[in-house]
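Colleague:
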Amino acid sequence: MSTILTALKTSSGAQKSVASSQGMPHTSLDHKLLAAGVAPDALAEAHSVKVRTGAGFFDILIRKKAIEEIRLLNIMSEHFGLPLWLELPMESIDIDFTQAVSIQYLKKNKIVPLVTSDSAVIAVNDPANFQPADDLRHLLGRPELTVVLATQEAITAAINLAYDMNRSSAKDYFNEISEESADELISEISETADLLDETSDAPIIKLVNLLTSGAIKDRASDIHVESYSSHLKIRYRIDGILYDILSLPRRIQSPLVSRIKIKARLNIAEKRLPQDGRIELKIADRLVDVRVSVIPTAFGERVVLRLLDKSANILMLPDLGMHDERIKLLDKLIKSPYGIILVTGPTGSGKTTTLYAALSTINRPEINIITIEDPIEYQMDGVGQIQVNPKINLTFATGLRSIVRQDPDVILIGEIRDQETAEIAIQSSLTGHLVFSTLHTNNAASAVTRLFDMGIKPFLATSSIVAIIAQRLVRVLCPHCKEIYTPDEETLANLGLDLSVLPCSTFYLKKGCNLCMQTGFRGRTAIFEILVVDDDIKRLVLKTSDANQINELAVKQGMITLQQDGIQKVMAGITTAEEVLRVTRSLNHKEDILQED
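Going by this note's numbering, the letters in the sequence shown line up with residues 208 to 804, in that order.
1. Out of curiosity, what's the CA-to-CA distance linking Ile277 and Pro296?
2. Would you tell me roughly how many angstroms separate the C-alpha atoms of Ile329 and Ile274, rounded to the nearest one?
3. Using CA atoms only, rank isn't needed, just tell me which of Leu515, Ala632 and Ser644 is closest to Leu566.
4. Using CA atoms only, rank isn't needed, just tell me which of Glu285, Leu562 and Asn474 is closest to Leu524.
5. Among the residues of its own chain, which have a CB less than 6 angstroms from the CB of Leu667, if the five just before and after it don't count?
6. Measure the beta-carbon distance from Lys717 to Lys689 and round it to whole angstroms, keeping in mind my assumption that it falls under 8 angstroms.
7. Grab me the residues of Asp404's own chain with a C-beta within less than 8 angstroms of its C-beta, minus the 5 sequence neighbours each way, in chain order.
8. Closest to Thr713 by C-alpha separation, out of Leu346, Val777 and Ala364, would be which residue?
9. Which residues mark the beginning and the end of the beta strand (DSSP E) in which Arg479 is found?
10. Per DSSP, Ala330 forms a beta bridge with which residues?
11. Does the beta-carbon distance from Arg457 to Tyr435 come in below 9 angstroms?
12. Quick check on Glu573: does DSSP put it in helix, strand or coil?
13. Please say whether Val464 and Val511 have beta carbons closer to each other than 9 angstroms?
14. Taking the runs of the beta strand (DSSP E) that are 3 residues or longer, which of them lie wholly in the segment 633 to 659?
15. Enumerate in chain order the residues of its own chain whose CB-to-CB distance from Ala822 is below 7 angstroms, with the five nearest sequence positions on each side excluded.
16. Does the distance from the C-beta atom of Arg679 to that of Thr782 stay below 9 angstroms?
17. Quick check on Ile583: does DSSP put it in helix, strand or coil?
18. Which residues does DSSP list as the beta-bridge partners of Lys440?
19. Using the Cα positions of Ala654 and Lys424, report the straight-line distance between them to the nearest angstrom.
20. From which residue to which residue does the beta strand (DSSP E) around Glu697 run?
21. So what's Thr628 in DSSP terms, helix, strand or just coil?
22. Can you tell me whether Val331 is buried or exposed? The criterion is at least 16 other CB atoms within 10 Å of its CB, across all chains shown.
23. Rounded to whole angstroms, what is the Cα-Cα separation between Met769 and Asn650?
24. Just the Cα atoms here: how many angstroms apart are Ile269 and Val308?
25. Just reading off the beta strand (DSSP E) that Ile675 is part of, what are its end residues?
26. Just to confirm the assignment, what range does the beta strand (DSSP E) spanning Arg426 have?
27. Just confirm the distance between the C-beta atoms of Ile574 and Asp538, as a whole number of angstroms; I'd bet it's less than 8 angstroms.
28. Please check the pair Ala335 and Leu352, which I expect to be a contact at CB under 8 angstroms, by giving their CB distance rounded to whole angstroms.
29. Kindly indicate which three-state DSSP category Asn367 falls into: helix, strand or coil?
30. Between the Cα of Glu532 and those of Val642, Tyr692 and Asp772, spot the shortest distance and give me the residue it belongs to.
31. Within the present structure, is the beta-carbon of Val673 separated from the nearest heavy atom of the ligand HEM by less than 8 angstroms?
32. When you compare only the Cα positions, how much space is there between Gly589 and Ile469?
33. Apart from the five residues on each side of it in sequence, which residues of its chain come closer than 7 angstroms, Cβ to Cβ, to Asp614?
34. Report the three-state DSSP secondary structure of Tyr312 (helix, strand or coil).
35. Given this structure, state the Cα-to-Cα distance separating Pro710 from Glu697, to the nearest angstrom.
36. What are the uninterrupted segments assigned as beta strand (DSSP E) that are 3 or more residues long and contained completely in the segment 506 to 562, given in chain order?
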């Protein structure tokens, strides 16, 4: 008899608990749940739904938020005598079970077999539902598998990891089909009758699907399809860095690009002009918006697909990676009644994410927030969002004129690109609106110079701008493989440090493992500098637009620069010295050139 069934039968209240789920009187487990704070009505309803629908009794309690999952698992662990694993072994699990069991079965029953060199268990979320675990033992021929309890999130993550590891990659697939002659492959692709048939096994359709699913699995933000004279190169941008993924024969280019164009509803016959489109994908429980850009080059069309995970949670201010003191400062700034707050940085530096975090902090029913963006990257409840559409003359400037007639309290402009947009934004801020927007500049002080270049008068800029935030993204060290090391004197000097910091700081070096694709990094965080436009800064701006002088004054007043913020993250073990220098060295180099001139 199975371990879990034995555990249930030998537990003092287990049989009564299962009977209770069939409508019988309260058991010792019910009493424990009531003592833990579960409302009697919620408990009765969970029993009733269990009888009517067969749904998991404990799953109902969690979905109804009658009790926190961890607390419920602790109660069940004690009651059924089963160990609770808050963390599951994710690094060295045996994925052979993926060949015998469907992912839908495991996700439906919230169970996963975990066989490693140290353990062989089945992680379950509902110990009263023992039949799936017994079936899984029989299916895998592993009667010795014992049962442990785990959270739904941990079980789902382990399932996804196992099936992702098992899924064929685009490279594996092409290696398989390329064993045929190139002529046969091209012939098979060319003879595909219906490229719109999603269920087709046509090689080009499968290749495109594997490229997109592989990019999402690898956390890529972009897919590059680049055509050269002799081959076609596929690259992923992961954590801001491009990696070569696949090299294909040149003749694959035309059908591959045509398939992407069809998915994006673009004109497949037009190969001379740039085209833009979009694709909506759903992979498991994730909604991904794919922005497609096609441009003609000397060796055929080049395609870039930008992947936007629409199901991703909007970050809050504490999630951005700021120090507590700067979080308090930013929280105070974004609650200003009027004025402009600018976020600056190059493309892909996380400016929009920062603005959304600010909006989510101040988003309340009594505040009317309207945004105009290109594209709309996140959906926010309670916020009116407008998508720029140049084809019908809906630009930032024209949309902004209409927004101010909608009685907004807060306005977000995706980007200030021209003088007209800048002037309307300033006028809006001077008439009692709080305006958020972005600019493409190297640092916070350069934003003032950029506005002057657009034709904005200095007195208008100083009277409207509340603060300017500059940011960059740095890669975060993989927590599973990072190694402690002692930096040399040259590295410390490049960061503006000396040997005296070594006794009180811990520095880490990237290494690389399977969980971070051997890069040594997993994910990114931001480094910031916040320039508050106070009276001293305003007086200086009215005298000069020299960004160096403005920056020097701000630093004297206590502004922490991008590099200084990066150094703090290096000393905290979040990233590496090389990574901070990578994103800030060019900035410092430009400043040195300006000072020499």
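Backbone N, C-alpha and C fix where the C-beta goes; we use that ideal spot for every residue, glycine too.
Fair warning: this is a prediction, and the values are worked out from it, not measured in the lab.
Modeller: With the structure as the only source:
1. Residue mapping note: residue 277 aligns to position 70 of the sequence shown, counting from 1. Residue mapping note: residue 296 aligns to position 89 of the sequence shown, counting from 1. Straight-line Cα distance between these residues: approximately 18 angstroms.
2. Reading the sequence shown from its first residue, position 122 is the one you call residue 329. Reading the sequence shown from its first residue, position 67 is the one you call residue 274. Each residue's alpha carbon lies about 24 angstroms from the other.
3. Indexing the sequence shown from 1 puts residue 566 at position 359. Residue Ser644 is the option with its Cα nearest to Leu566.
4. One-based indexing of the sequence shown puts residue 524 at position 317. Nearest C-alpha to Leu524: Leu562.
5. As a first step, residue 667 is located in the sequence shown; it is residue number 460 there, counting from the start. Excluding sequence neighbours, Leu667 sits near Ile633.
6. Counting from one through the sequence shown, the residue named residue 717 turns up at place 510. Counting from one through the sequence shown, the residue named residue 689 turns up at place 482. Confirmed, Cβ separation roughly 7 angstroms.
7. In the sequence shown, residue 404 corresponds to position 197, counting from 1. Confidence at Asp404 is low in this model, with a pLDDT of 38, below 50, so its placement is unreliable and no value can be given for it.
8. Here residue 713 corresponds to residue number 506 of the sequence shown, with the count starting at 1. For the residues Leu346, Val777 and Ala364, the minimum Cα distance to Thr713 belongs to Val777.
9. Position 272 of the sequence shown holds residue 479. Taken as a continuous stretch (DSSP letters only), Arg479 belongs to no beta strand (DSSP E), as it is neither H nor E.
10. The count along the sequence shown starts at 1 and reaches residue 330 at position 123. Answer is Val319 and Val355.
11. Taking the sequence shown and counting its residues from 1, the one referred to as residue 457 is at position 250. Taking the sequence shown and counting its residues from 1, the one referred to as residue 435 is at position 228. Their beta carbons are under 9 angstroms apart, which means Arg457 touches Tyr435 by this criterion.
12. As a first step, residue 573 must be located in the sequence shown, where it is residue number 366. Residue state, collapsed to three classes: coil.
13. Along the sequence shown, read from residue 1 onward, the residue named residue 511 stands at position 304. Along the sequence shown, read from residue 1 onward, the residue named residue 464 stands at position 257. Going by C-beta atoms, Val511 is not nearer than 9 angstroms to Val464.
14. 641 to 646
15. The chain is shown from 208 up to 804; residue 822 falls before or after that span and cannot be answered.
16. Position 472 of the sequence shown, counted from the start, is the residue given in the question as residue 679. Position 575 of the sequence shown, counted from the start, is the residue given in the question as residue 782. Not in contact: Arg679 and Thr782 (Cβ atoms no closer than 9 angstroms).
17. Here residue 583 refers to the residue found at position 376 of the sequence shown. In this structure, Ile583 counts as coil in the three-state DSSP scheme.
18. Here residue 440 corresponds to residue number 233 of the sequence shown, with the count starting at 1. According to DSSP, Lys440 bridges with Glu433 and Ser454.
19. Along the sequence shown, one-based indexing puts residue 654 at 447. Along the sequence shown, one-based indexing puts residue 424 at 217. Computed Cα separation, rounded: 37 angstroms.
20. Taking the first residue of the sequence shown as position 1, residue 697 is located at position 490. Element bounds for Glu697: not the beta strand (DSSP E) but the alpha helix (DSSP H), Glu696 to Asn701.
21. Against the sequence shown, residue 628 aligns to sequence position 421. Residue state, collapsed to three classes: helix.
22. Here residue 331 corresponds to residue number 124 of the sequence shown, with the count starting at 1. Flag for Val331 reads buried.
23. To locate residue 769, count along the sequence shown from 1; it is residue 562. To locate residue 650, count along the sequence shown from 1; it is residue 443. Residue 769 is actually Leu in this sequence, not Met. Near 8 angstroms, if we compare the C-alpha coordinates of Asn650 and Leu769.
24. In the sequence shown, counting from the first residue as 1, residue 269 sits at position 62. In the sequence shown, counting from the first residue as 1, residue 308 sits at position 101. Whole-angstrom Cα-Cα distance: 26 angstroms.
25. As a working mapping, residue 675 is identified with position 468 in the sequence shown. Ile675 -> beta strand (DSSP E) spans Ile672 to Leu684.
26. Working through the sequence shown from its first residue, we reach residue 426 at position 219. Premise fails: Arg426 is in no beta strand (DSSP E) and is neither H nor E.
27. Reading the sequence shown from its first residue, position 367 is the one you call residue 574. Reading the sequence shown from its first residue, position 331 is the one you call residue 538. That pair is no contact at about 15 angstroms.
28. Translated into the one-based positions of the sequence shown, residue 335 becomes position 128. Translated into the one-based positions of the sequence shown, residue 352 becomes position 145. At roughly 18 angstroms, the Cβ-Cβ gap does not stay under 8 angstroms, so Ala335 and Leu352 are not in contact.
29. Start at 1 with the first residue of the sequence shown, and residue 367 comes out as number 160. Reduced to three states, the DSSP call for Asn367 is helix.
30. Counted from its first residue, the sequence shown places residue 532 at position 325. Comparing Cα positions, the closest option is Asp772.
31. The ligand HEM is not part of the structure shown, which contains no ligands of any sort.
32. Residue numbering aside, residue 589 sits at position 382 when the sequence shown is read from its first letter. Residue numbering aside, residue 469 sits at position 262 when the sequence shown is read from its first letter. Gly589 and Ile469: Cα-Cα distance of roughly 34 angstroms.
33. In the sequence shown, residue 614 corresponds to position 407, counting from 1. Around Asp614: Asn575.
34. Translated into positions along the sequence shown, residue 312 becomes position 105. In this structure, Tyr312 counts as helix in the three-state DSSP scheme.
35. In the sequence shown, residue 710 corresponds to position 503, counting from 1. In the sequence shown, residue 697 corresponds to position 490, counting from 1. Roughly 17 angstroms between the two C-alpha positions.
36. 507 to 516 and 546 to 551
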